[in-house]
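Presented below is the structure to which this report refers.
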Amino acid sequence: MGSERKNSIGKNIFHLFYSTAFSSGLNALTLVILANYLDSPSYGMFSVALAFALIMGYFTDVGVSVSVLREGAKKEVSLSAVISSYIKIRIVLLGITFACGFCLIYLIYHSNTELIKAMYYLTFPMVTGLALQSISITYFQLTEKMQYLGFIRILSAVLLVLSVSLGMFFSLRPNLIYLVYGCSYLLAGIGGMYLISQRIAIRLRSAFHKGLLKNILSFIVSGLLIVILPQIGPIVLEKTLTLKLVGFFAVAYRIPFSLYQIPGVLAGAFYPALFKRYNSKGIEEHLQLNIMQLKLMALTGMAVTIPLYYMPEIIIGSLFGKKWLFASSALQILSFLLVLQSVNVALADGLTTRALQSRRTIVQAAAVVGGVGFYILFSQRYGVEGAAFAGVAVELLCLAGFWLLNPSRKTLAIKVLLPYLGSFALLFVLITYFFYTHPVLAAVLHLLCLLIIIAADPQLIRKLIDITNKKRILRKKAVDPRG
C-alpha cells in the first residue's frame with residue numbers, strides 16, 4: 001500500500017461522495033423498513049439502545065484515531081508500527097468498554113428489563129463492528145485512499161438493509177431484529193480489517209509506538225463529547241417523554257442525522273489534508289484551505305436542509321406512512337441541524353488541525369452541559385417540537401463557541417459566515433413568506449438561489465474548476481498511462 005500514490009483532495013471527495021450518497025440512501029431505507037416493522041414504543045427503545053451503542057463505540061477509540069492521523073503523517077514514522085500499536089490499543093479498550101458499559105446499562109435501566117435486553121442484543125455485535133470499521137477507516141484516511149473507505153461504508157449499508165429485510169421476512173421478534181442490525185456492522189468491520197491486512201503488515205508483538213499517547217487526554221475528552229452530543233436527545237428524552245414520543249422524535253432526528261453523511265464527505269477528505277497543510281506550509285495556507293472547506297460544507301449542508309424544511313410532511317408520509325406524520329413539525333425544525341453541523345464541523349476541524357484542540361474541547365463540553373438542560377427544559381414544556389428546538393439550540397451554541405475561540409474569527413466571519421449564512425437566512429425568510437403554500441416550488445427556487453451564491457464567489461468557482469480539471473486529467477491517465 002505504501003507504494004500507491006495518494007489521491008488528491010478532489011478525487012477523495014469524489015470517492016467519498018458517491019459512496020456516502022449510496023450508503024446514506026441504504027441507511028435511510030433501513031430506517032423506513034424498521035419504522036414500518038416496529039411500533040413507536042419499540043422504535044423508541046431501539047433509538048435509546050442505538051444511542052448507547054454509538055457512545056460505547058467511541059470508548060473503543062477514545063480519540064486515538066486522531067493521534068494515528070497525526071503520527072502517521074510524519075515521514076520518519078513506520079506506518080506498520082503505528083497501525084499495529086493502534087490495533088493493540090483498540091483490543092484493550094474494547095474489553096474495558098464492554099465491562100463498564102454493560103454494568104452501566106444495568107445500573108441505569110435495571111427497572112426496565114425489556115430495554116436492557118434490547119441494549120445487550122444490539123450493542124455487543126454493533127460495538128465490536130464499529131471498532132473494526134473505525135480501524136480500517138482511520139487507516140484509509142491516513143493513506144488518503146478514500147475509495148476503500150467508501151467500500152466499507154457501502155458494504156455496511158448493504159448488509160444492514162439485507163439483514164433487517166431478512167429479519168422482517170422471517171417475522172423475527174424486535175430483539176432479534178436488533179441483533180441482526182448489529183451483526184451487519186460486525187461483518188462490515190471484518191471486511192475492513194481484511195482490506196488492511198492485504199496492504200500492510202500487522203505485527204501485534206512489535207514494540208508499542210508511544211507517540212500515539214502524546215496529548216491523548218485532550219483527544220479523549222473531545223472525541224467523547226463529539227459522540228455524546230448527537231446522542232443526548234434520545235438518552236435524555238427517555239426520562240422526560242414516553243417511549244412513543246421518543247420514537248416520533250427519533251424518526252425525525254435520524255433523517256438529518258443520516259443525511260449529514262453527505263456534507264461529512266467533505267470533512268473526511270479535508271481533515272488529513274488540513275493536518276499536513278499546517279505542518280508543512282504554516283497557518284496562512286492552513287486558513288485558506290479551511291475557508292474553502294467551510295464554504296463547500298456550508299453550501300452542501302444548505303442544499304440538504306432545503307427539501308427537509310419545505311417538504312417535511314411529504315418526506316415523512318412518503319417514507320414512513322401516515323402513522324408517523326406527527327413527526328413532521330419536528331423534522332422541519334431539525335432540518336437546520338444539517339447546515340449548522342456542516343459549518344460547525346469545518347470550524348472545529350480548523351481548530352484541531354492547527355493544534356488548538358483544547359478550545360474545541362471547551363466548546364463541546366459547554367454544548368453537552370447546555371444540551372442536557374435544553375432537552376430537559378424544552379421537551380417538558382413543548383414535547384417533541386421542544387426537543388427539536390433543543391437540538392438546534394445546541395448547534396447554535398457550538399457555532400458561537402467555535403467562531404469566538406478561533407484566532408482567525410474576523411477573516412472567517414467576513415469571507416464565509418456573514419455572506420453565506422446571512423444570505424441563506426434572508427432567502428429562507430423571503431421564500432417562506434411568499435411561497436410557503438407551494439413547498440415544492442419553494443424548495444426548487446431556494447436551491448436555484450444557491451447557484452447564484454456559488455457564482456458570486458470567484459475563488460470558489462476557481463476551486464471547483466480545478467477539481468473538475470484534475471478529475472479529467474486522472475481519467476485521461478487511466479486510459480493512457482503515458483499521459
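Quick note: the sequence shown uses full-length UniProt numbering, first residue 1, plus one each step.
By construction, the Cβ of each residue, glycine as well, lies at the ideal position given by its N, Cα and C atoms.
The alpha-carbon of M168 is positioned some 34 Å away from that of V440. Listed in chain order, the non-local C-beta contacts of S40 below 7 Å within the same chain comprise K244, G247, F248, local neighbours out to five positions each way being set aside. Around the beta-carbon of T143, 16 or more other beta-carbon atoms lie within 10 Å, marking it buried. For L142, the enclosing alpha helix (DSSP H) starts and ends at 113-142. DSSP places T437 in the coil class of the three-state scheme, outside both helix and strand.
Judged by DSSP in its simplified three-state form, N406 adopts coil rather than helix or strand. Contact between Q364 and L225 holds: their C-beta atoms lie close to 4 Å from each other, under 8 Å. M311: not part of any alpha helix (DSSP H); DSSP gives it neither H nor E. Under the Cβ criterion (8 Å, minimum of three pairs), the stretch 118-127 counts as touching the stretch 41-54. In terms of Cα proximity to T60, the closest of N112, V227, T30, N279 is V227.
Ranked by how close their Cα comes to the Cα of I33, the residues V164, L79, I55 have V164 in first place. For the set I89, Y139, A390, the Cα lying nearest the Cα of S379 is the one of A390. Only residues of its own chain outside the window of five on either side were considered, and among them L299, M302, A303 have a CB closer than 7 Å to the CB of L450, listed in chain order. Rounded to the nearest angstrom, the gap between the Cα atoms of S136 and Y436 is 45 Å. A Cβ-Cβ separation of about 7 Å places A252 in contact with A388 under the 8 Å criterion. Excluding five sequence positions before and after V394, the CB atoms of its chain that fall closer than 7 Å to its own CB belong to L229, A367, G370, G371, F374, given in chain order. With the rule of 3 Cβ pairs closer than 8 Å, the stretch 77-92 does not count as touching the stretch 144-162.
Under the three-state reduction of DSSP, Q198 is assigned to coil, being neither helix nor strand.
In the three-state scheme derived from DSSP, where H, G and I count as helix and E and B as strand, R173 is classed as coil.
T60 sits in coil when the DSSP states are folded into three classes, being neither helix nor strand. Nearest neighbour of A131 by Cα position, chosen from Y181, A157, M56, K117, turns out to be M56.
Contact between I454 and I465 is ruled out by a C-beta separation of about 12 Å, above the 8 Å threshold. Between the stretch 8-27 and the stretch 259-277, the count of Cβ pairs shorter than 8 Å is three or higher; the stretches touch.
In the three-state reduction of the DSSP assignment, K239 falls in the helix class. Annotated three-state conformation of G44 is helix, per DSSP. At a Cβ-Cβ threshold of 9 Å, A346 and N290 count as neighbours.
Of the other Cβ atoms in all chains shown, fewer than 16 fall within 10 Å of the Cβ of Y433; this residue is therefore exposed.
Annotation: R254 to A207 spans about 42 Å, alpha carbon to alpha carbon.
Note on P174: 16 or more other CB atoms within 10 angstroms of its CB, so buried under the neighbour-count rule.
K145 sits buried, since 16 or more C-beta atoms from the chains shown fall within 10 Å of its C-beta. With respect to the 9 Å criterion, S78 and I202 are not classified as neighbours on the basis of their beta carbons. In the displayed model, R359 falls within a helix according to three-state DSSP. Between R277 and E285, the alpha-carbon positions lie close to 7 Å from each other. Here G191 is not near L241, since their CB atoms are 9 Å or more apart. Rounded to the nearest whole angstrom, the CA to CA distance from L397 to L287 is 23 Å.
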